[in-house]
Each structure stands twice: as structure tokens, then as C-alpha cells.
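Enquirer: For the sequence shown, UniProt numbering begins at 1 and goes up steadily by one. Yeah, the Cβ is synthetic: ideal placement off N, Cα and C, and Gly gets one too. These numbers were taken from a predicted model, which means no experiment stands behind them.
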Amino acid sequence: MKGKSGVVFSLTTENAAVPGCTVSNALWESRAGSLICFSLGADTDISAETSPFPRLLYVDTGCMTVFTTAGDEWHVKTGQALLVPADVPAGMKAVEDTVYLEIAQKEDTHMNKVIKAGNVFKLADLVPYQDGRIVNMDVVNNDHLKLAIMSFADGTGLSEHAAPGEALVLALEGKGIIGYEGQDHPIQAGETFKFDKLGRHSVKADGPFKMALFLTLDA
């Protein structure tokens with residue numbers, strides 16, 4: 001997976017929109033799926049294209065219109081997501097400078113049934129807070145990738161552990177502390193953190209905290 005591990009960064013800053021241009025940055029690709037970061041300058045667009053795989057779009061910053069050749073339109077803004085089904089020709093037009101992630105699922109993939117194609121939703125709204133608890137939802141899951149959304153009540157956290165693949169954390173709401181290889185890294189909504197495969201890490205909430213975790217499971 002592209003990107004430097006062990007530092008807090010901004011996807012939008014690292015993939016700043018270029019006026020009048022569209023830019024794609026493949027962060028991770030395998031036979032199982034892909035994670036691509038797109039940057040669209042204001043008033044630019046990507047023509048409607050058909051994919052044989054479902055695509056989950058998540059807007060990190062900005063606002064864009066997702067449109068189909070059948071005349072459907074959805075407005076997706078910062079923090080919101082949209083599932084585009086396979087074989088539906090869909091394009092994107094930026095209302096303003098916009099940075100978004102596209103997760104394509106190329107292998108047999110379990111998609112949580114709460115996700116309905118054509119519905120715009122906030123990732124952070126998928127899981128509630130519960131006092132003294134951590135709530136987890138697997139949104140996308142196959143043998144090689146996982147996208148999970150997690151909520152942490154104030155003071156809760158995950159003790160130090162290591163994952164079998166690389167991981168990207170997207171802070172969705174509130175503040176937390178990422179422990180990585182013996183150092184603490186404060187993180188807040190809108191920021192991102194990357195783990196290397198088998199990197200020792202922990203998570204602790206600093207107040208109510210929600211995050212998305214994109215985990216690769218390739219050998």
C-alpha cells in the first residue's frame with residue numbers, strides 16, 4: 001500500500017486537487033480489489049464508466065455529484081459514501097475541489113446488508129456509541145481485504161497488537177491516540193494513519209471516537 005507508515009497525515013493534503021484536472025492515485029491493488037484516491041478540481045468530471053465490480057465511494061473532502069447514464073444523480077459530500085453496483089455506468093462531477101476514495105471489490109466479497117446501493121450515507125453513522133464499549137461493523141470483507149467502521153466510547157481502546165497486513169485508518173469523528181511501534185500519535189477527524197504489516201499498534205479514544213479501518217490481508 002502506498003504511503004508512509006507511522007505518521008499522521010491528510011489524504012486531501014497528500015492528494016491535493018489540481019485546478020482543471022482529475023488525478024488518480026492507486027494506493028493498493030490486487031486480484032481481490034483496489035483502493036484508489038481520486039482528486040477532482042472544481043467543475044471537472046470523470047465520464048460515466050461501467051465496472052464489473054461494485055464500487056464504494058467515500059468523500060474525504062469536498063462535494064461531488066455521482067451520475068448515471070439513466071439520469072440518476074446523487075450529491076456526496078465530506079464524510080459521506082455511496083455504493084455503486086456492478087455494471088452501472090456512473091460518473092463523477094466535482095462541485096468544488098474534491099478528494100475521494102474508491103474501493104473496488106474484485107473477488108467474492110461480503111457487503112454488509114445495511115449498505116444499500118444508491119443511498120448516500122455517512123460512514124460515521126453506521127455504528128453507534130455505547131458506554132464503556134467498542135462497536136465494530138465489517139462493511140466490506142473478503143479473504144484479502146476488509147473495511148470496518150469502529151466506535152470507541154471515551155477511554156476505551158484496543159491494546160497493542162499486530163495485523164497480518166497493511167492497514168489505513170481514517171479518523172471519522174472525535175479524537176484518538178494511535179500507538180505505533182512504541183510512540184503515541186494523536187489523531188482527529190479528517191486525519192489518516194498507516195500501519196505496516198505486523199506493525200505493533202494500539203488505539204485509545206480521547207473522548208468519543210469513530211474511525212474506519214481499511215485492512216489488506218495479502219500474504
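Would you list the one or two residues that DSSP bridges to Thr12?
Expert: Working through the sequence shown from its first residue, we reach residue 12 at position 12. None; Thr12 has no bridge partner.
Enquirer: Whose C-alpha, out of Ala167, Asp43, Ala17 and Thr98, is nearest the C-alpha of Lys197?
Expert: Here residue 197 refers to the residue found at position 197 when the sequence shown is read from its first residue. Comparing Cα-Cα distances from Lys197 to each of Ala167, Asp43, Ala17 and Thr98, the minimum goes to Ala167.
Enquirer: Given this structure, state the Cα-to-Cα distance separating Ala42 from Leu172, to the nearest angstrom.
Expert: As a working note, residue 42 is residue 42 in the sequence shown. As a working note, residue 172 is residue 172 in the sequence shown. Roughly 24 Å separates the two Cα atoms.
Enquirer: I need the boundaries of the beta strand (DSSP E) containing Leu198, first residue and last residue.
Expert: What you label residue 198 is simply residue 198 of the sequence shown in a count that begins at 1. Segment: none, Leu198 is in no beta strand (DSSP E) and carries neither H nor E.
Enquirer: Would you mind reading off the limits of the beta strand (DSSP E) that contains Val99?
Expert: Looking up residue 99 in the sequence shown gives position 99. Taken as a continuous stretch (DSSP letters only), the beta strand (DSSP E) holding Val99 covers Thr98 to Gln105.
Enquirer: Do the CB positions of Asp143 and Ala32 come within less than 8 Å of each other?
Expert: One-based indexing of the sequence shown puts residue 143 at position 143. One-based indexing of the sequence shown puts residue 32 at position 32. Contact flag set, yes.
Enquirer: Rounding to the nearest angstrom, what Cα-Cα distance links Met92 and Thr65 in this structure?
Expert: Within the sequence shown, the letter at position 92 stands for residue 92. Within the sequence shown, the letter at position 65 stands for residue 65. Met92 and Thr65: Cα-Cα distance of roughly 6 Å.
Enquirer: Please state whether DSSP places Leu56 in a helix, a strand or coil.
Expert: The residue given as residue 56 occupies position 56 in the sequence shown. Strand.
Enquirer: My assumption, with CB atoms under 8 Å, is that Gly174 sits in contact with Pro128. Please give the rounded CB distance.
Expert: Here the question's residue 174 lines up with position 174 in the sequence shown. Here the question's residue 128 lines up with position 128 in the sequence shown. Between Gly174 and Pro128 a beta carbon distance of about 13 Å is seen, past the 8 Å cut, so the two are scored as non-contacting.
Enquirer: Would you decide whether Cys21 is buried or exposed? Buried here means 16 or more other CB atoms lie within 10 Å of its CB.
Expert: As a first step, residue 21 is located in the sequence shown; it is residue number 21 there, counting from the start. By the beta-carbon neighbour count (other beta carbons within 10 angstroms, threshold 16), Cys21 is exposed.
Enquirer: Between His110 and the rest of its own chain, which residues show a CB-CB distance below 7 Å, the 5 nearest in sequence each way excluded?
Expert: Counting from 1 along the sequence shown, the entry for residue 110 is found at position 110. Excluding positions up to five away in sequence, the list reads Asn141 and Asn142.
Enquirer: CA-CA distance, Ser10 and Ser151?
Expert: Locating residue 10 in the sequence shown gives position 10, counting from the first residue. Locating residue 151 in the sequence shown gives position 151, counting from the first residue. Distance between the alpha carbons of Ser10 and Ser151: 20 Å.
Enquirer: Between Val8 and Glu191, is the Cβ-Cβ spacing less than 8 Å?
Expert: The count along the sequence shown starts at 1 and reaches residue 8 at position 8. The count along the sequence shown starts at 1 and reaches residue 191 at position 191. Closer than 8 Å, so yes.
Enquirer: Does DSSP put Ala124 in a helix, a strand or coil?
Expert: The count along the sequence shown starts at 1 and reaches residue 124 at position 124. Correct three-state label for Ala124: helix.
Enquirer: Grab me the residues of Lys204's own chain with a C-beta within less than 6 Å of its C-beta, minus the 5 sequence neighbours each way, in chain order.
Expert: Position 204 of the sequence shown holds residue 204. Within the same chain, Lys204 has close Cβ partners Gly157 and Ile177.
Enquirer: Should Glu102 and Phe38 be called a contact, given that it needs their Cβ atoms to be closer than 8 Å?
Expert: As a first step, residue 102 must be located in the sequence shown, where it is residue number 102. As a first step, residue 38 must be located in the sequence shown, where it is residue number 38. Contact: yes.
Enquirer: Please list, in chain order, all residues of the same chain as Ala189 whose beta carbon is under 7 Å from its beta carbon, the five residues on each side excluded.
Expert: Counting from one through the sequence shown, the residue named residue 189 turns up at place 189. For Ala189, where only same-chain residues beyond five positions count, the Cβ hits under 7 Å are Ala171, Leu172, Glu173 and Gly174.
Enquirer: Which residues mark the beginning and the end of the beta strand (DSSP E) in which Gly141 is found?
Expert: The residue you call residue 141 lines up with position 141 of the sequence shown. Checking the sequence shown, residue 141 turns out to be Asn, not Gly. Where Asn141 is concerned, the enclosing beta strand (DSSP E) stretches over Ile134 to Asn141.
Enquirer: Between Lys113, Ser202 and Asn112, which has its C-alpha nearest Gly155's C-alpha?
Expert: Counting from 1 along the sequence shown, the entry for residue 155 is found at position 155. Closest by alpha carbon: Ser202.
Enquirer: By the three-class DSSP mapping on this structure, what secondary structure does Val76 have?
Expert: Start at 1 with the first residue of the sequence shown, and residue 76 comes out as number 76. Of the three classes helix, strand and coil, the one that applies to Val76 here is strand, per DSSP.
Enquirer: Measuring only the C-alpha atoms, how far is Val135 from Asn15?
Expert: On the sequence shown, position 135 is the one that residue 135 refers to. On the sequence shown, position 15 is the one that residue 15 refers to. Using only the alpha carbons, I get a separation of about 30 Å.
Enquirer: Which residue wins for smallest C-alpha separation from Val76, given the options Thr98, Ala86, Asn112 and Ala104?
Expert: The residue you call residue 76 lines up with position 76 of the sequence shown. Minimum Cα distance to Val76 is reached at Thr98.
Enquirer: Counting along the chain, where does the beta strand (DSSP E) carrying residue 222 start and finish?
Expert: Any question about residue 222 goes unanswered here, given that the chain covers just 1 to 219.
Enquirer: Helix or strand or just coil, what does DSSP make of Lys194?
Expert: Along the sequence shown, one-based indexing puts residue 194 at 194. DSSP places Lys194 in strand when its eight states are reduced to three.
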